[in-house]
Amino acid sequence: MVSRVIPVEPFDLVVFGATGDLARRKILPGLYRRFWAGQVTADSRIIGAARAALTEDAFRADVKAAIDEFVSADKRDAAMIDAFLARLHYVPIDAVGEAGWKPLKDMMRPGVVRAFYFSVAPALFGDLAQRLHSHGIADTGSRIVVEKPFGRDLASARALNAVLAQHFREDQIYRIDHYLGKETVQNLMAVRFANILFEPLWKSEYVDHVQITVAETVGVDGRGAYYDKSGAMRDMVQNHMMQLLCLIAMEPPYHFDPAAVRDEKLKVIRALDPVAPDDIVRGQYLAGAGQDSYVTHSQNPASRTESYIALKVHVSNWRWKGTPFYLRTGKRLRARESEIVVTFREPPHSIFDDTEGWRENVLVIRLQPNEGINLKVMIKEPGPGGMRLTQVPLDMSFAEALGEEGADIPDAYERLIMDVIRGNQTLFMRGDEVEAAWAWTDPIIQGWEARGDRPRGYDPGSSGPEDALMLMHRDGRRWREIRE
Ligand code: NAP
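Per my numbering, residue 59 is the first one in the sequence shown, and the count goes up by one each step.
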């Protein structure tokens, strides 16, 4: 299969926070990889901006070091790196002061796409938006990219939306949720809407339940104090898992375009029922396997913040009434694994005597690792022992199925930045979507805060607290095992 790389229009991309962790690990190496792939044209420029008084040469040396560290050796071609570094510039700038804005304005070129990536703390988003405007740097076609977290509750998200809206239209604002840039997450839409196989069965009549798991092996070490103010509900469920739920549950959009896709996602969020306290299990990892506990990492012995959460969620609409969605995510679990499991119901009538071997059809969509699809189907057990049934997997790894092209899937950030330049907002969250997600999340968090609920401890390397198993067992269901 031949890879199709279509170059984007020439651009000036200003990266605020260009010396920070995200820019160093993801944004700048990602831009280099797109340059290497031929998607970024030679007349495009990347302008780094931060307070540090770096020279352009010093900035280029930092970016070279980041490429060496974060780009695989097969793409690190000396001439290519030099050509990329020549596209880089740097301006010392203070988001909350006046220094640096005039030089930035002087650098901007007419006639190319103008984009501004806010890779800084959200508290600075308003200052950047306001100064880009007051200094006449943003034009009517400019785009801004804002990082998560987008608020920590409905009120702060609304305030952030309001401050950005003072200076930019909604179609200029790109709220990144890097989960939406993942190849398999987009494949959810392709699998659902480009095949006739699944969609007729995609409803509560045929789907018993859906599980969404995002399991991590890492703890919060190093950023425990920051994480303790957030927790798994705010950090993972309100954004990433909500987006996965939307893509699984939404109605077919009339067209694959930003407004249509985002309208359908919004309807799912609005159809979510409030979650009963009994349908939520929160956990904190304990010490073990030579590692400290969550409370040690968060430096807060009295912490009530969850590093794990499992919830049973209902989407109250015609399609999904009666089909629960079980979501779980946590840190320090047995394996790093993200997957969506759709478990189908029994056929209405069995013509076979063998019920022992019968199992439900299960569709597993693996987001990581080894992105792919696994569909469990029933067949006859081979041999002369009569009509006995057994289940086998139809297993497909995208990397294997797609050969070379599959092995070179762009990182989520690369894809999303290219979408910003193309002006395609389909994979970005709209303001009303973010607010609706917080409107659903807020009462859940307020509920456990008011009750003073404490998270249950769980062993590192396990699949989470025992109570989370019970959340499904009591419904006669079980979580798919998190496998090493
Ligand atoms: P970071 O490592 O702390 O970097 C912050 C950047 O902002 C630095 O370049 C810093 O440089 C610059 N900065 C700080 N104050 C400034 C000011 N007043 N004016 C101009 N520049 C200023 O943070 P990060 O981890 O890269 O995160 C950046 C954003 O991405 C945050 O919103 C974060 O929540 C989000 N995010 C990060 C990750 C990640 O993996 N790191 C993942 C998801 C989302 P100077 O100090 O030189 O000004």
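We put the CB at the ideal spot given by N, CA and C, even for glycine. Note that the coordinates shown come from a computational prediction; the quantities given were computed from them, not determined experimentally.
Secondary structure at Val-243: helix, using DSSP grouped into helix, strand and coil. Residue burial annotation: Pro-332 is exposed, with fewer than 16 other C-beta atoms found within 10 angstroms of its C-beta. Gly-515 has Gln-342 as its beta-bridge partners, per DSSP. Inclusion of Tyr-148 and Gly-106 in the CB contact set at 8 Å is warranted, their separation being smaller than that value. Considering only Glu-493, Glu-539, Lys-438, the residue with the shortest C-alpha distance to Asp-412 is Lys-438. Judged by their CB atoms, Arg-403 and Glu-414 are not nearer to each other than the 8 Å cut-off. Distance between Leu-86 and Gln-230, taken at the CA atoms: about 22 Å.
Checking the DSSP bridge columns, you'll see Val-268 partnered with Phe-383, Val-400. Counting only runs of 3 or more residues that sit fully inside the segment 102-158, the beta strand (DSSP E) segments are 103-108, 146-150, in chain order. Annotation for Phe-128 indicates a beta carbon at 7 Å or more from all heavy atoms of the ligand NAP. Beta-carbon to beta-carbon, Leu-305 and Met-247 are separated by about 6 Å, close enough to satisfy the 8 Å threshold.
Restricting attention to Ala-495, Trp-496, Glu-493, Tyr-471, the CA atom closest to the CA of Leu-485 is found in Tyr-471.
No Cβ-Cβ contact shorter than 8 Å links Asp-469 with Thr-363.
Put simply, of Ala-187, Asp-337, Glu-156 the residue whose alpha carbon is nearest the alpha carbon of Arg-532 is Asp-337.
At least one heavy atom of the ligand NAP falls within 7 Å of the beta-carbon of Leu-182. Not one heavy atom of the ligand NAP lies closer than 7 Å to the C-beta of Ala-157. Around Ser-262, the same chain offers Arg-377, Trp-378, Lys-379, Gly-380, Thr-381 as residues with beta carbons nearer than 8 Å, after the five sequence neighbours per side are excluded.
In this structure, DSSP gives Glu-263 a state outside helix and strand, which the three-state scheme calls coil. Arg-446 and Ser-455 have their alpha carbons spaced roughly 29 Å apart. Residue environment for His-313: exposed (fewer than 16 other C-beta atoms within 10 angstroms of its C-beta). Counted as a single uninterrupted DSSP element, the alpha helix (DSSP H) harbouring Tyr-90 occupies residues 86-94.
Closest in C-alpha terms to Pro-451, from the list Gly-461, Pro-442, Val-435, comes Val-435. Of the candidates Asp-101, Tyr-366, Leu-146, Glu-322, Tyr-366 places its Cα closest to the Cα of Asp-525. Distances from the alpha-carbon of Glu-274 to those of Arg-392, Arg-201, Ala-318 put Arg-392 closest. Taking C-alpha positions only, Val-170 is separated from Met-476 by approximately 14 Å. Listed in chain order, the non-local C-beta contacts of Leu-421 below 6 Å within the same chain comprise Val-400, Leu-433, local neighbours out to five positions each way being set aside. Note: Leu-369 is bridge-paired with Ile-338, Leu-385 in the DSSP secondary-structure output. Within its own chain, the residues whose Cβ lies closer than 7 Å to the Cβ of His-236, once the five positions on either side in sequence are excluded, are Ala-470, Tyr-471, Leu-474, listed in chain order.
With the rule of 3 Cβ pairs closer than 8 Å, the segment 194-203 does not count as touching the segment 92-105.
Burial is judged here by how many other beta carbons sit within 10 angstroms of a residue's own beta carbon; Gly-388 has at least 16 and is buried. DSSP places Gln-426 in the uninterrupted beta strand (DSSP E) bounded by 420-426. Classified as exposed, Ser-374 has fewer than 16 neighbouring CB atoms from the shown chains inside 10 Å of its CB.
Arg-201 has Ala-173 as its beta-bridge partners, per DSSP. With three or more CB-CB distances shorter than 8 Å, the segment 209-226 counts as touching the segment 179-186. Arg-233: member of the beta strand (DSSP E) spanning 231-233, first to last residue. With a cutoff of 7 Å, Phe-74 counts as near the ligand NAP, since its C-beta is closer than that to a heavy atom of the ligand.
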